[in-house]
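Trainee:
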Amino acid sequence: MSKILMKGNEAVAEAAIRSGCRLYFAYPITPQSELIEYMAKMMPKVGGCFLQAESEVSAINMVYGAAGSGKRVMTSSSSPGISLKMEGISYLAGAELPCVVVNVQRGGPGLGDIQPAQGDYFQATKGGGHGDYRTIVLAPNSVQEFADMASEAFDLADKYRTPVMILADGMLGQMMEPVEFKTPKTPEEMEELDKQHNSWCICPNEDGDKKHHHEINSLEIDPYVLEKHVNDLYAKYAVIEDKETRYETYNVSDDNEILCVAWGTSSRIVKSAINELKAEGKSIGLIRPITVWPYPTEAVKKAIGKKVKKVYVFELNTGQMLDDVKIAVEGKVPVDFWGKVGGIVFTPAEIKAKLEACFK
Amino acid sequence: MKAELICAGFGGQGVLTIGKFIAKAGMKEGKNVSWLPSYGPEMRGGTANVSTVVSDEPIASPIVSFPDILVALNQPSIDKFGPSVRENGVLIINSNMCPHGCKRTDVQIISAPMSDIAAEIGSPMVLNMIAIGIIIGKTGLIKYETMEEDLTSFMKAKNPELLEKNLIAIKRGIELGKQ
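Protein chains in written order, with my numbering: chain A, 14 to 373; chain B, 10 to 188.
(1) Determine the burial state of P76 of chain B: buried for a count of at least 16 other Cβ atoms within 10 Å of its Cβ, exposed for fewer.
(2) Within 10 angstroms of its Cβ, does P355 of chain A collect 16 or more other Cβ (buried), or is it exposed?
(3) Between K89 of chain B and chain A, is there a C-beta pair that is closer than 7 Å?
(4) From which residue to which residue does the alpha helix (DSSP H) around T148 of chain B run?
(5) Could you please tell me which residues of the stretch 41-75 of chain A, in chain order, have their CB closer than 7 Å to any CB of chain B?
(6) Based on the DSSP secondary-structure assignment, which residues constitute the bridge partners of S92 of chain A?
(7) Verify whether the separation of the beta carbon atoms of C214 of chain A and S82 of chain A is less than 7 Å.
(8) At the level of alpha carbons, what is the spacing between I15 of chain B and I357 of chain A?
(9) Run through the DSSP bridge pairs and tell me what A57 of chain B is partnered with.
(10) Which residues bound the alpha helix (DSSP H) around I364 of chain A?
(11) List the residues of chain B that Q187 of chain A touches, going by C-beta distances under 8 Å, in chain order.
(12) Would you identify the three-state DSSP class for D145 of chain A, choosing helix, strand or coil?
(13) Give the residues of chain A in contact with S74 of chain B, contact being defined as C-beta atoms less than 8 Å apart.
(14) Assuming N175 of chain B is part of the beta strand (DSSP E), what are its boundary residues?
(15) With a floor of 4 residues, list each alpha helix (DSSP H) that falls wholly inside the stretch 16-86 of chain A, ordered by position along the chain.
(16) For F38 of chain A, which option in A:A362, A:S15, A:G94 has the closest C-alpha, if you only look at C-alpha atoms?
(17) Who are the near neighbours of P302 of chain A in its chain, counting only those whose CB is closer than 7 Å to its CB and skipping five residues on each side?
(18) For the beta strand (DSSP E) containing A69 of chain B, list its first residue and its last residue.
(19) If you follow the beta strand (DSSP E) that A121 of chain B is part of, which residue opens it and which one closes it?
(20) Helix, strand or coil for V265 of chain A? Go by DSSP, reduced to three states.
(21) Among the residues of its own chain, which have a CB less than 7 Å from the CB of M9 of chain A, if the five just before and after it don't count?
(22) Any chance the stretch 138-152 of chain A sits against the stretch 165-178 of chain A, with 3 or more Cβ pairs inside 8 Å?
(23) Starting from the C-beta of I27 of chain B, find all residues in its chain whose C-beta is less than 7 Å away, skip the five residues before and the five after it, and write them out in chain order.
(24) Please list, in chain order, all residues of the same chain as A286 of chain A whose beta carbon is under 7 Å from its beta carbon, the five residues on each side excluded.
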């Protein structure tokens, strides 16, 4: 299939439909509105259900119900709307329900603004809602990857029966880049998908007996039952940490004097600066976490070569990933941070100046 | 090869579309491309701008700080982005809307009354096609044939008259760019 020039918001929606998503519930918000618009236009054409809920809280609870029926379901929003969904995401994690949540981040806190930001890292990776739970968080840095992550997110959600978040931002949502889509699921594959959760999901009790009575629940009144449930969840999360950690290395070598760590949009800007400095003979590597939970701690640790004198973290926030990097670095070299907030995206020239200063 | 463009003007002048057509043509010619618009309140009645990158190599940052080519359809666009155009870069100006022009002497300036030319062709809507033509004529960044093919594919059935005007506008732009 040939490439199409498309916005990230539209590309992730199209990819979700091709991955077998036929249920989508959301409430509009800039800068992700093209996603909900695309779903409104396309879902009826593929026999799916698009519903604009009266609020984000309502939308995430519709996701809870749909996920309980074992179907591929998605919602999306931008930062303030994702905050509203957090209670529901905690319930989904507690009830072990698979779903995909897309966050096209904007400036915060509060209503903030509508420009690109990465200020929801804590919320996405450290819980966000109440209680002991985690969600897998995928962080794209291009329109192609944003689209590819839709199918990956659904596969992971189904495999581990857990909510998966795609953590993008206004730049990735609004930007157009060429994108190549996978072929849509065939009717046979769709049928397989529909059956995969039959062992636990809610389905019509056609034979009238109660043999396949299933419960979708996140309430466990008996503390010992809840204790076991949470421990089981964390055993599952340990498997995810072991098997599903993803990252990209860029220009990482033993000659690196500086190691950068950046995710999502930030990593694109840092790459540009690294390219320019490489041409000037300076060796700088980059680790880009693709899953920001589970975090590629080992990869960061391993990338610190003998010559690295500083690890530099760049984010569009006040340093929310910084602690994760420090845990990986274990105090072996200094870790520096520079970020922009308010929805302002740093430029390659600004990052280059910060990195150049390290060589003086 | 890597070319970084900024197109800027009033909302409604079609600046975002200039970037989109350049990116689409670049993609069709096998290049890596990115298109990053300004979005938000500034688009309504204020100035709009778009960063477009066309490159043989994968594109790292889609944000353009120092454009190789600036298309400025109004004076505020020159005032805002003019100083950051790379030395010996190309600055394309719509002289109808830019009374003060640009004072720089280290860039290649092409100034043309694009609004007048568009009116002459018979539609103010083709103003952005003149700008695209100038880019093609001056820099050869994309091919005329790619533009013609793209425009024809979605306009021929719907509005053949406007298609013709668009193609005339691109050709006029190419002439201006070559001068």
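Every residue, glycine too, gets a C-beta built ideally from N, C-alpha and C.
Mentor: Checking against the coordinates, here is how it stands:
(1) buried
(2) It is worth fixing the name first, because residue 355 of chain A is Gly in this sequence and not Pro. G355 of chain A is exposed by the Cβ-count criterion.
(3) no
(4) 136-148
(5) P44
(6) Beta-bridge pairing links S92 of chain A to no other residue.
(7) yes
(8) 18 Å
(9) B:G18
(10) 361-371
(11) L45, P46, Y48
(12) coil
(13) T360, P361, A362
(14) Counting along the chain, N175 of chain B falls outside any beta strand (DSSP E), though it belongs to the alpha helix (DSSP H) covering 169-187.
(15) 21-31, 46-55, 69-81
(16) A:G94
(17) A152, Y260, W276, Y308, P309
(18) No beta strand (DSSP E) holds A69 of chain B; DSSP gives it neither H nor E.
(19) 117-121
(20) coil
(21) Nothing about residue 9 of chain A can be reported from this structure: the residues present for chain A run from 14 to 373 only.
(22) yes
(23) C16, V80, N137, A140, I141
(24) P361, I364, K365, L368
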